[in-house]
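Novice: Note that the protein sequences, when read in sequence, are chains A and B.
In terms of the working numbering, the first sequence has 54 at position 50, counting the first letter as 1, and numbering is strictly consecutive.
In terms of the working numbering, the second sequence has 569 at position 121, counting the first letter as 1, and numbering is strictly consecutive.
No residue lacks a Cβ here, since even glycine has one placed at the ideal position from N, Cα and C.
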Amino acid sequence: MKSNKPLFWSLFAAGGTVAAFVMPVLLVITLLAGYGMVPEALSYERLHAVAGGWPGKIVLFVIVSLSLWHAAHRMRTALHGLGLRADRAVAIAGYGIAALGTVLSLHYLLAI
Amino acid sequence: MTPKPYVREIPRTTWYLSRRGDMLHMVHEVSSIFIGIYSLVLLWGIQSLAEGPVAYQAFLDGLSSPLLLAFQWVTLALVLFHAQAWFALTPKAMPIQIGEQFVPDGLIAGAHYLAWGVFSLVVLYLAGVF
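1) Could one say the Cβ of V594 of chain B lies closer than 8 Å to chain A's Cβ atoms, at least one of them?
2) Among A:R89, A:V32, A:L86 and A:P10, whose alpha-carbon lies nearest the alpha-carbon of S568 of chain B?
3) Examine the Cβ distances between the segment 449-459 of chain B and the segment 66-83 of chain A and report whether three or more of them are shorter than 8 Å.
4) Buried or exposed: where does K61 of chain A fall if 16 or more other Cβ atoms within 10 Å of its Cβ makes it buried?
5) Could you check where the alpha helix (DSSP H) with G56 of chain A kicks off and where it finishes?
6) Whether or not the segment 539-554 of chain B and the segment 79-88 of chain A are in contact is what I'm after, with contact meaning three or more pairs of Cβ atoms, one per stretch, closer than 8 Å; do they touch?
7) Checking the sheet assignment: what are the DSSP bridge partners for I546 of chain B?
8) Using 8 Å for Cβ pairs, my map puts A37 of chain A next to L508 of chain B. What's the rounded Cβ distance?
9) For I101 of chain A versus A498 of chain B, is the C-beta distance shorter than 8 Å?
10) Touch check for the segment 525-539 of chain B and the segment 479-491 of chain B: three-plus C-beta pairs under 8 Å?
11) At the level of alpha carbons, what is the spacing between M5 of chain A and V66 of chain A?
12) Using 8 Å as the limit for Cβ to Cβ distance, is S71 of chain A near chain B?
13) With burial defined as no fewer than 16 other Cβ atoms inside 10 Å of the residue's Cβ, what is the status of W564 of chain B: buried or exposed?
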């Protein structure tokens, strides 16, 4: 492979779309839970049942991993813009966390 | 004697404060960091779900900590900003051509808003919020 740019860019773009569509409503749901109004779907039994099935596992995996790759990629330009001149370190840290998060989410989802 | 070249000073950490467009761009860039941290919060939720009801309850309690509540509000605002900026960018990144004509930007962005609204309502309904 000549350059890994297209790979990271497509993960970034896919993650940006996922975050735009899914995260606002997820935040509303987790905020409600944070104020003690836990929606039915966030009860342990319900969510465990959802994440126990393949469709649920795949959806949760896609949301978490793609959003992490989106963040990792954009964090490079964000921190550069804020004045930090350490792209190599930022890239390694960001992509490293995204890769670790991807593996961990897979691991935990398969354990449910 | 060669004249000293003029180098315009650009403050490295605050350059985006002087122009509105730069400022909004920076807000959009920074939204990614919050999106990343929130993804890790979700990952924590999945981990606790795998570990059992006690761990999961600790995760739900964690969501109600003042720090995480504040973080979630900020992230909600930033992710809404991200969504509108992203939908505005999509027709530029992926123009759709039908015959000789390009589908108007507003139509593509509008379709995204519509899909986003319907999707969000369906998720809230399925989650049992209403």
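Specialist: Judging by the given coordinates:
1) Within the shown structure, residues of chain B are numbered from 449 to 578, placing residue 594 of chain B beyond reach of any answer.
2) Here residue 568 of chain B refers to the residue found at position 120 of the second sequence. Out of A:R89, A:V32, A:L86 and A:P10, A:V32 has the C-alpha closest to the C-alpha of S568 of chain B.
3) no
4) In the first sequence, residue 61 of chain A corresponds to position 57, counting from 1. Label assigned to K61 of chain A: buried.
5) Within the first sequence, the letter at position 52 stands for residue 56 of chain A. Counting along the chain, the alpha helix (DSSP H) containing G56 of chain A begins and ends at Y48 to G56.
6) no
7) Residue numbering aside, residue 546 of chain B sits at position 98 when the second sequence is read from its first letter. In the DSSP output, where bridge partners are listed per residue, I546 of chain B has B:Q549.
8) What you label residue 37 of chain A is simply residue 33 of the first sequence in a count that begins at 1. What you label residue 508 of chain B is simply residue 60 of the second sequence in a count that begins at 1. Going by Cβ atoms, the distance from A37 of chain A to L508 of chain B rounds to 6 Å, so yes, they are a contact pair.
9) Working through the first sequence from its first residue, we reach residue 101 of chain A at position 97. Working through the second sequence from its first residue, we reach residue 498 of chain B at position 50. For I101 of chain A and A498 of chain B, no; Cβs fall outside 8 Å.
10) yes
11) Within the first sequence, the letter at position 1 stands for residue 5 of chain A. Within the first sequence, the letter at position 62 stands for residue 66 of chain A. With a pLDDT of 49 at M5 of chain A, under the threshold of 50, the modelled position of this residue cannot be trusted; read the value that follows with caution. Using only the alpha carbons, I get a separation of about 25 Å.
12) Residue mapping note: residue 71 of chain A aligns to position 67 of the first sequence, counting from 1. Chain B contact via Cβ: present.
13) Residue numbering aside, residue 564 of chain B sits at position 116 when the second sequence is read from its first letter. Result: buried.
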